[in-house]
Amino acid sequence: MRHAQRQAFAAIAAASGQTRAALNPRSAAPFCSGVTSRRDPVMPSQFSVLFDPGALAIVASGTVLATVARCGWREFGGALRMAAGTLGGGFSPEANRKALAVAISAIQRNGPRRADPPLPPDRALGLLLETYLRRGAHDALAPVRRAERALAEARRINAAQVFACAGELAPVFGLIGTLYGLTQLAPVAGGSAAAAIMGAVSTAVLTSLYGALIAHLVCFPLASAIERRGRAEEQARDALADWFIAGIGGAPSPPHERRAHLRGVA
Numbered sequence: 001m002r003h004a005q006r007q008a009f010a011a012i013a014a015a016s017g018q019t020r021a022a023l024n025p026r027s028a029a030p031f032c033s034g035v036t037s038r039r040d041p042v043m044p045s046q047f048s049v050l051f052d053p054g055a056l057a058i059v060a061s062g063t064v065l066a067t068v069a070r071c072g073w074r075e076f077g078g079a080l081r082m083a084a085g086t087l088g089g090g091f092s093p094e095a096n097r098k099a100l101a102v103a104i105s106a107i108q109r110n111g112p113r114r115a116d117p118p119l120p121p122d123r124a125l126g127l128l129l130e131t132y133l134r135r136g137a138h139d140a141l142a143p144v145r146r147a148e149r150a151l152a153e154a155r156r157i158n159a160a161q162v163f164a165c166a167g168e169l170a171p172v173f174g175l176i177g178t179l180y181g182l183t184q185l186a187p188v189a190g191g192s193a194a195a196a197i198m199g200a201v202s203t204a205v206l207t208s209l210y211g212a213l214i215a216h217l218v219c220f221p222l223a224s225a226i227e228r229r230g231r232a233e234e235q236a237r238d239a240l241a242d243w244f245i246a247g248i249g250g251a252p253s254p255p256h257e258r259r260a261h262l263r264g265v266a
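Everything in the sequence shown is counted per the numbering used here, starting at 1 for the first residue and increasing by one.
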């Protein structure tokens, strides 16, 4: 009796399942298959939405061209070299100290006229050593130090001003890109009006964003880094020059007054 009831219940359940599958075919599919089908489309990354090559090209190229037009190719190239120096090599205190130590030993052993030591890798220190070897007088070193210090300071300030100028121009071209994006609001023939509007608004917003990011994450930080790196190198160079002059028997130069650094950069 119980076996017959179980068979009857099983038959009823099978019939109801077939009826439900016939009325709604999607309900017959396994639950995991529905989840897989919902996950099949690849959702775009949140950061990929923020990348627009066209908008970035408008801001970057416009900023570079305007900076070159205002500062000149020579100043712009010098600023790029200074920026590369802050990221990579540059003034090496240890290498210059070793070269100056060899020079001091050679001068003490053979005298300034007969000594022929290798020059330090730094241009200013090499010119200082070469001047002493050629003239053999301590009085000739002070003008060389002042001239090289003024030249290095001028290069540093010019490079910082170039990047400060680029930082001022980047948001301007972000605004220009915004205006360009707004001019694209007209729907393209045969295209969707909503898609055209969304594309134009996206370009307009992203160009303003790129202008602000380039200014405050690239240009102004590079200007400040050039100022800081230049002042640190100047202090290290002066310390080595004083050490060299003391080693060859001369008196170190008195402390000099430094010009005020570029306002708003460091």
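C-beta atoms are modelled at their ideal positions from N, C-alpha and C, and glycine is treated no differently.
Start-to-end residues for the alpha helix (DSSP H) that takes in threonine 67: 53-71
Environment of alanine 115 [buried if 16+ CB atoms lie within 10 Å]: buried
Are arginine 237 and leucine 125 close, meaning C-beta to C-beta below 8 Å? yes
Write down the C-beta distance between cysteine 165 and threonine 86 rounded to the nearest angstrom, noting that I regard them as a contact closer than 8 Å. That belief does not hold up - the Cβ atoms of cysteine 165 and threonine 86 are roughly 18 Å apart, past 8 Å.
Integer Cβ distance of leucine 222 from alanine 83, believed to fall under 8 Å: 5 Å
For threonine 203 versus glutamine 184, is the C-beta spacing smaller than 8 Å? yes
If we ignore side chains and look at the alpha-carbon of each, how far apart do alanine 142 and proline 118 end up? 21 Å
Any chance you could list the alpha helix (DSSP H) runs of at least 4 consecutive residues sitting entirely within the stretch 76-142, in chain order? 93-110, 123-135
Measuring CA to CA, which of Glu168, His138, Leu80, Phe173 is closest to alanine 55? Phe173
Give the single residue among Asn158, Val218, Ile197 whose Cα lies nearest to the Cα of glutamate 227. Asn158
Buried or exposed for serine 224, going by 16 or more other Cβ atoms inside 10 Å? buried
Can you tell me whether isoleucine 248 is helix, strand or coil according to DSSP? coil
Once the 5 residues before and after threonine 131 are set aside, which same chain residues still bring their CB inside 8 Å of it? Ala140, Leu141, Val144
For leucine 127 and phenylalanine 272, the rounded distance between their alpha carbons: There is no way to answer for residue 272, as the model of the chain reaches only from 1 to 266.
State the Cα-Cα distance for the pair proline 120 and proline 112, rounded to the nearest angstrom. 16 Å
Distance check for isoleucine 176 and alanine 95, CA to CA, integer angstroms please. 48 Å
Inter-residue spacing [alpha-carbon to alpha-carbon] between histidine 216 and glycine 136: 50 Å
Please go through the same chain and pick out, in chain order, the residues whose beta-carbon is closer than 7 Å to the beta-carbon of isoleucine 104, but skip the five residues on each side of it. Phe244, Gly247, Ile248
Distance, alanine 232 Cα to leucine 65 Cα: 31 Å
If I measure Cβ to Cβ from proline 93 and keep anything under 7 Å in the same chain, skipping five residues before and after, which residues do I get? Ala236, Leu240
If we ignore side chains and look at the alpha-carbon of each, how far apart do isoleucine 197 and valine 59 end up? 21 Å
Can glycine 78 and arginine 155 be called in contact, C-beta distance under 8 Å? yes
If distances are taken between C-alpha atoms only, which option among Gly181, Glu168, Ala193 comes closest to cysteine 219? Glu168
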